[in-house]
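Colleague: Line by line, the protein sequences give chains D, Y and U. For the first sequence, the positions run 2 to 503 when this note's numbering is used. For the second sequence, the positions run 9 to 292 when this note's numbering is used. For the third sequence, the positions run 56 to 361 when this note's numbering is used. Quick one: the structure is below, questions incoming.
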Amino acid sequence: MKKKLLSVLLCVSMLTAMITGCGKDQPPGNEGSSEQSSESSAAQEESKEEAEESEEGLKVEAAVVTTSGYEINTDLDLETEVTLDIVGPALFQNENETTDLVSGLVKPGYSVIADRWNELYPNVKLNFNICPWSDWQSSITTACLDGNADVIMHGATMIDLTEDLAPYIEADPGYRDKIYVLATRRTTEKPSEWKVSGISGYTAPWVVWVDVEKFKAMGVDLPSDDWTIEEFMDIAQRMTGKDPDTGEDIWGMQMYSSGGGNLFFNYMLFAYIHGAQTFVYGDTLADCQVNFDSPEAIQAFQTIADLAQCESPEVREGVAVSGTLDGTNNWAMIMKNTPIADYLQIKELGLTDKYKIYNAPVISAGEYKGIPSPYFGDENLAMYKDSDAKEWVWEFIKFMTTDEVATQWIVDNLIYPNNKEAIDAVMEIIDERTADVMNRAMSTMPENFNGSTNDNFNNVSFGSVTANLTTAVDDVINGRQTAEEAAEFMQGTVEEFLSISQ
Amino acid sequence: MKKKGNISKVLYKQRHHIITTMILAVILAILLLPFYWCLILSFDKTAITDLPDFSLVPHEFSIQNYRYANEMIDLGRYYMNTVMIAFVNTTIAVFFAMMCGYAFAKGNFRGKKFCFFFMLAVMMIPFESRMVPLYLIYRSIGMLNTYVPLMMGSFAYVYGTFFARQNIGAIPDSLRESAKIDGAGEWRIFLRIILPLCKPVISALGILQIVANWNAYLWPMIVIRSKEKQLISVGMAFFNASESSMYYGPRFAVVVLSAFPLVIMYLFLQKYIVQSVALSGVKQ
Amino acid sequence: MKSNVKRWKRFKNDMTWYSFIIVSLLVLLIFTYLPTMATVYFSFTNMGTYGTEYKMVGLKNYTVLLGSKSFLNAFKNTILLAVYSLVKIPLGFLLAYAINSLGRTPRQTFFRIMFYIPSIITGVSVILVFQYVLRGNGGLLNNLLSKLLRHEVTTGWLSDPAISHLGVTILNVWMEIGYFMLMCLASLQSIPTEIYDAAVVDGANGLQKMVYITIPQMKSCFSFLLVTCMIGGFARFTDLYIIGGSTTAGRPSGTLQSLLMYIYQYSFESPQYGLSSAGSVILSIITLIFTLVNVKLSGFLKEDNG
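In structure tokens, the structure reads:
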């Protein structure tokens, strides 16, 4: 009886499987164009670009990448069979091309990369062991323990597992000039020094989109290109109110990653603006100074608190917040870091007159005074320190960042290649203003800046800073902690951690 | 006089039943509302970037969300793998739980108390905390990227053992005694008498196991490398991490697709489940 | 001679019974106790990322954890949430009582089947659905309440730290009430009817019957549920993790950070494996203590030696 029952069940399940599985043979997942973060929701929350309403199968045209970049490296052993294991999340989430449900924009899958690579190096097989964003750090940790890892996708932050790429870059003259940024990290052993822990596959600078129509309706002048934080906040406040024509609520601001796992970056963005130096690095962890309680840091929290007053309650609560530029927004300004995809979307929707892109407000004090507040998200490629095919890993990283087809593939995924020449090509699919804004953001970036270890944030060596800063920023946004309390809380938790690690 | 009293009693009872039924129906409706809502939205073409207002039927009926979800993740293969694993694991887990349960309920051997505690104590050790060392054990025996690590745990289903022990304990000893007189050994008694009597327990544990296997995420994600071998829960995580997961319709369609086989299976097994607990398990 | 035969017989008997459990015991030994031993060992080291160099640091990880505010906060959350989740027992009982009072009718069967369905559908994605149901602004529950109460309700069930414990308890009840109902129902239906008949003769009313007969008769059912519910409560992770936007921060305001989330964070996200191992050991010890106390108090496992 039991057997019969179970076999019936099995049949039913099989049947279900067949019925539902009769579609294409396609791998799971999708491009997770998240930024440098520690959380899976990065991909969920921050990557909803795409246009609405357009024909099926639309492909981004133009933008033909021409790079002088990559040539077959004949110094390598082109005979012996090698398998490169690529582990981790990011970039290669889909094997085949995917079509966006709403915009119809098609993005290529990683088979393009595999094909191109094997054209160049038939003896080196790429083995894509991609994991979902959820729990990706556990996946990388275990994959490396297993020994079956060569390239670690988005692994730069896991500094204990990565190889320092500096010697490889040195041995490869000309490479450094071809790409924009390195995924450098400060190490725990010697925080004063940099380690090239990986190379960004693409970059995503932060920008502000402004709803021009709402500005007109409210009678507020459009901001200047070099806006200061005072202007930024003044506009956010003046833009919060009721639309005199329609009577609908307008909210002046939607901050970065509202509701997402990357809420903590807001602190960093404003801390730079106020010239704060939250982390002062020394030769050992004990020599490092942490200044979450400095006046500038408190000011950064205060800015978040004030701007939160200009956010809608939904955005402050942060569950399932949409940041789509589709004309239905109730915000007047939004902080995002997906300019290419956003631009293509508004172009598709014919909304290029409604939205205008701006750089982040400029830094008002300190070493970097006058440049837009720096931040870019990325997805990087790192080398596992115990890989047995290091020369091939480096070749692959170089290939991904300089090869014409690989760079084209990144552009086709509507993201911003970490390749200076390719950026010229990207400019062909977007308008001049968007191009200028991105160009300015990337070219003013401080030397060695990256989103993981910098003057105002560090998720590598200081324990649970990420989780605690998420709590602090969320609390400040929702008025549960004042700026001073948040600063004190952060200072306390980091000091507690430092006392642990002595 | 007496008759009248009876009638009023019946009437009272009927009214009582109607009120109880109504209250239960309301509670049930509240409990199931989110699932119903999810089902409706999964068929709603308008549930894309904005969540439409609640309605009893889709605003614009379409199966587009399902088609899209199916394109995004390789549901067919994931279903097959998951069904296979869930089936094998459940069979093993329940059978071994019954064996242990029998030994602990009816057995009389040295070290029984210690062994029982040895098993129960495992329930206090959360899986996440021993995951990495466990991973290394499988690595050292070369079993990664196979289904072995997913199956091994089934050979010691502690909660099931506990549950089975309670149930089997309630089976009268007289059955065993008479079988013994006929010369049957413990294994024979177990296979021929105990197991057939325990169908309800088996199905109750079965459903618990199937649900647990169906939803297992972290461990399969870590030990299974090849996408071809991956399970439905990991497939869903791929989907949830993609930008399409911001589209409400497909997201809800994936929820429905992942839960649907379980509900079907439950409706098949449900009649045994209550019996099982009823048979004794945790009775007075 | 005789005693030898007796000893042999006893040995044979033992072996027969061990043949039933030996596989499970071995599997537990190798795949649970062995890795747990490793965890205990690493809890005395300063290992960072798993697999990297380490040295012994004695009890330091333990003293650090027990002196750490965030650990104690996670500790407090875990215990509170586990205790709150016990509300499923009385609720499940009341539900079962009501269903049982319908008699053996198709209606009873219907409710029995339907109430269990939420316990079947428990995957990760369902929690995402519940986030939309329980959110403060425009959530399904608040919309419903707003209509009923005729004024705007914007309670952030999962986003207001003052009530987030209540919110996740509602979620937990929602998803697991069916199981508790079923267990109680089965236990209820196994109470011999003669006991009630005797009570009716004595003139007991419905409430008295429930308090003086039904509840005491179900003692072992309740203690079973109590023990398993507490153990499950201590190991709470997935739902809280997702509600916090897939972070271990325990949003809102760290009120939903459970011990397991704390441990997980230090295992992988900001790797301090020694520290997280110590956390695991502490969690296991607490669970063990609670369980033993529960078992002792409820007299569970005592009576039957079958």
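Glycine included, C-beta positions come from ideal geometry on N, C-alpha and C.
Please decide whether Leu-223 (chain D) counts as near chain Y, where near means a Cβ-Cβ distance under 8 Å.
Modeller: Start at 1 with the first residue of the first sequence, and residue 223 (chain D) comes out as number 222. No - not a single Cβ of chain Y is within 8 Å of the one on Leu-223 (chain D).
Colleague: For the alpha helix (DSSP H) holding Phe-51 (chain Y), just list the boundary residues, first then last.
Modeller: Along the second sequence, read from residue 1 onward, the residue named residue 51 (chain Y) stands at position 43. Note, Phe-51 (chain Y): premise wrong, no alpha helix (DSSP H); not H, not E.
Colleague: Within the 8 Å Cβ cut-off, does Thr-154 (chain Y) reach chain U?
Modeller: Here residue 154 (chain Y) is taken as the residue at index 146 of the second sequence, counted from 1. False, the Cβ-Cβ gap to chain U never drops below 8 Å.
Colleague: Under 7 Å between beta-carbons, which chain Y residues line up against Thr-342 (chain U)? List them in chain order, please.
Modeller: As a first step, residue 342 (chain U) is located in the third sequence; it is residue number 287 there, counting from the start. Those are Met-132, listed as they occur along chain Y.
Colleague: Using a C-beta cutoff of 8 Å, does Gln-346 (chain D) count as contacting chain U?
Modeller: Stepping through the first sequence from its first residue, residue 346 (chain D) is reached at position 345. Answer no: the Cβ-Cβ gap between Gln-346 (chain D) and chain U never drops below 8 Å.
Colleague: Thinking Gly-178 (chain U) and Ser-241 (chain Y) are a contact (beta carbons under 8 Å), I'd like their distance in whole angstroms, please.
Modeller: As a first step, residue 178 (chain U) must be located in the third sequence, where it is residue number 123. As a first step, residue 241 (chain Y) must be located in the second sequence, where it is residue number 233. Rounded, the Cβ-Cβ distance is 7 Å, consistent with contact.
Colleague: Quick check on the DSSP output: the beta strand (DSSP E) that includes Asp-86 (chain D) runs from which residue to which?
Modeller: Reading the first sequence from its first residue, position 85 is the one you call residue 86 (chain D). From DSSP, the beta strand (DSSP E) with Asp-86 (chain D) extends over 83 to 89.
Colleague: Which word fits Ser-388 (chain D), buried or exposed, when buried means at least 16 other C-beta atoms lie within 10 angstroms of its C-beta?
Modeller: Position 387 of the first sequence, counted from the start, is the residue given in the question as residue 388 (chain D). With 16 or more other Cβ atoms within 10 Å, it is buried.
Colleague: For Val-231 (chain Y), which of Y:Ile-202, Y:Ser-148 and Y:Leu-199 has the nearest alpha-carbon?
Modeller: Here residue 231 (chain Y) refers to the residue found at position 223 when the second sequence is read from its first residue. Answer by Cα proximity: Y:Ser-148.
Colleague: Kindly indicate if chain Y contains any beta-carbon less than 8 Å away from that of Leu-127 (chain U).
Modeller: Stepping through the third sequence from its first residue, residue 127 (chain U) is reached at position 72. Taking Cβ atoms only, chain Y never reaches closer than 8 Å to Leu-127 (chain U), which makes this a no.
Colleague: With 8 Å as the threshold, decide whether the Cβ of Arg-481 (chain D) is near any Cβ in chain U.
Modeller: By one-based count along the first sequence, residue 481 (chain D) stands at place 480. Yes, its Cβ sits closer than 8 Å to a Cβ of chain U.
Colleague: Can you tell me where the beta strand (DSSP E) with Leu-127 (chain D) in it begins and where it stops?
Modeller: Translated into the one-based positions of the first sequence, residue 127 (chain D) becomes position 126. Note, Leu-127 (chain D): beta strand (DSSP E), 125 to 131.
Colleague: How should Lys-196 (chain D) be labelled, buried or exposed, when 16 other C-beta atoms within 10 angstroms of its C-beta is the threshold for buried?
Modeller: Reading the first sequence from its first residue, position 195 is the one you call residue 196 (chain D). Buried: at least 16 other Cβ atoms inside 10 Å.
Colleague: Reducing DSSP to helix, strand and coil, say where Lys-196 (chain D) ends up.
Modeller: Position 195 of the first sequence, counted from the first residue, corresponds to residue 196 (chain D). Strand, per DSSP.
Colleague: When DSSP builds the beta bridges, which residues end up paired with Arg-187 (chain D)?
Modeller: Here residue 187 (chain D) refers to the residue found at position 186 when the first sequence is read from its first residue. Residue pairing for Arg-187 (chain D): DSSP places it in a beta bridge opposite D:Trp-195.
Colleague: Under 8 Å, do Phe-75 (chain U) and Tyr-110 (chain Y) count as touching if we go by C-beta distance?
Modeller: Numbered from its first residue, the third sequence carries residue 75 (chain U) at position 20. Numbered from its first residue, the second sequence carries residue 110 (chain Y) at position 102. Their beta carbons are under 8 Å apart, which means Phe-75 (chain U) touches Tyr-110 (chain Y) by this criterion.
Colleague: Measure the CB-CB distance between Asn-128 (chain U) and Gln-312 (chain U) and report whether it falls below 8 Å.
Modeller: For this step, residue 128 (chain U) is matched to residue 73 along the third sequence. For this step, residue 312 (chain U) is matched to residue 257 along the third sequence. Their beta carbons are under 8 Å apart, which means Asn-128 (chain U) touches Gln-312 (chain U) by this criterion.
Colleague: Just how far apart, CA to CA, sit Met-229 (chain Y) and Thr-29 (chain Y)?
Modeller: Numbered from its first residue, the second sequence carries residue 229 (chain Y) at position 221. Numbered from its first residue, the second sequence carries residue 29 (chain Y) at position 21. Computed Cα separation, rounded: 44 Å.
Colleague: Nearest to Gly-299 (chain U) by alpha carbon, out of U:Leu-203, U:Glu-231, U:Leu-183 and U:Val-208?
Modeller: One-based indexing of the third sequence puts residue 299 (chain U) at position 244. The candidate whose alpha carbon is nearest that of Gly-299 (chain U) is U:Leu-183.
Colleague: Helix, strand or coil: which one does DSSP assign to Leu-203 (chain Y)?
Modeller: Here the question's residue 203 (chain Y) lines up with position 195 in the second sequence. In this structure, Leu-203 (chain Y) counts as helix in the three-state DSSP scheme.
Colleague: Going by DSSP in three states, Ile-364 (chain D) sits in which element: helix, strand or coil?
Modeller: To locate residue 364 (chain D), count along the first sequence from 1; it is residue 363. If DSSP states are grouped into helix, strand and coil, Ile-364 (chain D) belongs with coil.
Colleague: CB-CB under 7 Å to Val-322 (chain D), same chain, minus the five flanking residues each way: which ones, in chain order?
Modeller: Along the first sequence, read from residue 1 onward, the residue named residue 322 (chain D) stands at position 321. Excluding residues within five positions, the ones whose Cβ falls inside 7 Å are Ser-259, Gly-260, Glu-315 and Val-316.
Colleague: Below 9 Å on C-beta distance, what does Gln-94 (chain D) contact in chain Y?
Modeller: Translated into the one-based positions of the first sequence, residue 94 (chain D) becomes position 93. Going along chain Y in sequence order, the residues near Gln-94 (chain D) (Cβ under 9 Å) are Phe-246, Ala-249 and Ser-250.
Colleague: Within 10 Å of its beta-carbon, does Pro-157 (chain Y) have 16 or more other beta-carbons around it, so buried, or fewer, so exposed?
Modeller: As a working mapping, residue 157 (chain Y) is identified with position 149 in the second sequence. With 16 or more Cβ atoms within 10 Å of its Cβ, Pro-157 (chain Y) is classed as buried.
Colleague: Check distances from the C-beta atoms of the stretch 257 to 277 of chain D to those of chain Y and list, in chain order, the residues that come in under 9 Å.
Modeller: none
Colleague: What residues from the stretch 226 to 239 of chain Y come within 7 Å of chain D, judged by C-beta to C-beta, listed N to C?
Modeller: Leu-226, Met-229, Ile-230, Arg-233 and Lys-235
Colleague: Spell out whether any CB of chain U is found under 8 Å from the CB atom of Pro-258 (chain Y).
Modeller: For the purposes of this step, residue 258 (chain Y) is identified with residue 250 of the second sequence, where counting begins at 1. It does not: the Cβ of Pro-258 (chain Y) has no partner Cβ on chain U nearer than 8 Å.
Colleague: Could you spell out where the alpha helix (DSSP H) holding Leu-382 (chain D) opens and where it closes?
Modeller: Taking the first sequence and counting its residues from 1, the one referred to as residue 382 (chain D) is at position 381. Counting along the chain, Leu-382 (chain D) falls outside any alpha helix (DSSP H), though it belongs to the beta strand (DSSP E) covering 377 to 384.
Colleague: What residues in the stretch 58 to 70 of chain Y have a beta carbon less than 9 Å from any beta carbon of chain D?
Modeller: Asp-58 and Leu-59
Colleague: Establish whether the CB of Gly-243 (chain Y) and some CB of chain U are separated by less than 8 Å.
Modeller: Against the second sequence, residue 243 (chain Y) aligns to sequence position 235. Closer than 8 Å: no.
Colleague: Does the Cβ of Leu-352 (chain U) have 16 or more other Cβ atoms within 10 Å, making it buried, or fewer, making it exposed?
Modeller: Locating residue 352 (chain U) in the third sequence gives position 297, counting from the first residue. Under this definition Leu-352 (chain U) is an exposed residue.
Colleague: Can you tell me the Cβ-Cβ gap for Met-269 (chain D) and Tyr-359 (chain D), rounded? I've got them flagged as a contact below 8 Å.
Modeller: Reading the first sequence from its first residue, position 268 is the one you call residue 269 (chain D). Reading the first sequence from its first residue, position 358 is the one you call residue 359 (chain D). Not really, about 19 Å apart at Cβ, beyond 8 Å.
Colleague: Decide if Met-110 (chain U) is buried, meaning its Cβ has at least 16 other Cβ atoms within 10 Å, or exposed.
Modeller: Start at 1 with the first residue of the third sequence, and residue 110 (chain U) comes out as number 55. A small correction: the amino acid at residue 110 (chain U) is Lys; Met does not occupy that position in the sequence shown. Burial call: exposed.
Colleague: Give the range of the alpha helix (DSSP H) segment to which Lys-237 (chain Y) is assigned.
Modeller: Within the second sequence, residue 237 (chain Y) is the residue found at index 229, counting from 1. Per DSSP, Lys-237 (chain Y) belongs to no alpha helix (DSSP H) and is neither H nor E.
Colleague: In angstroms, rounded to a whole number, what distance separates the CA positions of Lys-126 (chain D) and Ser-140 (chain D)?
Modeller: Working through the first sequence from its first residue, we reach residue 126 (chain D) at position 125. Working through the first sequence from its first residue, we reach residue 140 (chain D) at position 139. If I take the Cα positions, the gap works out to 22 Å.
Colleague: Taking 8 Å as the threshold (beta carbon to beta carbon), is Ser-388 (chain D) in contact with chain Y?
Modeller: Stepping through the first sequence from its first residue, residue 388 (chain D) is reached at position 387. Taking Cβ atoms only, chain Y never reaches closer than 8 Å to Ser-388 (chain D), which makes this a no.
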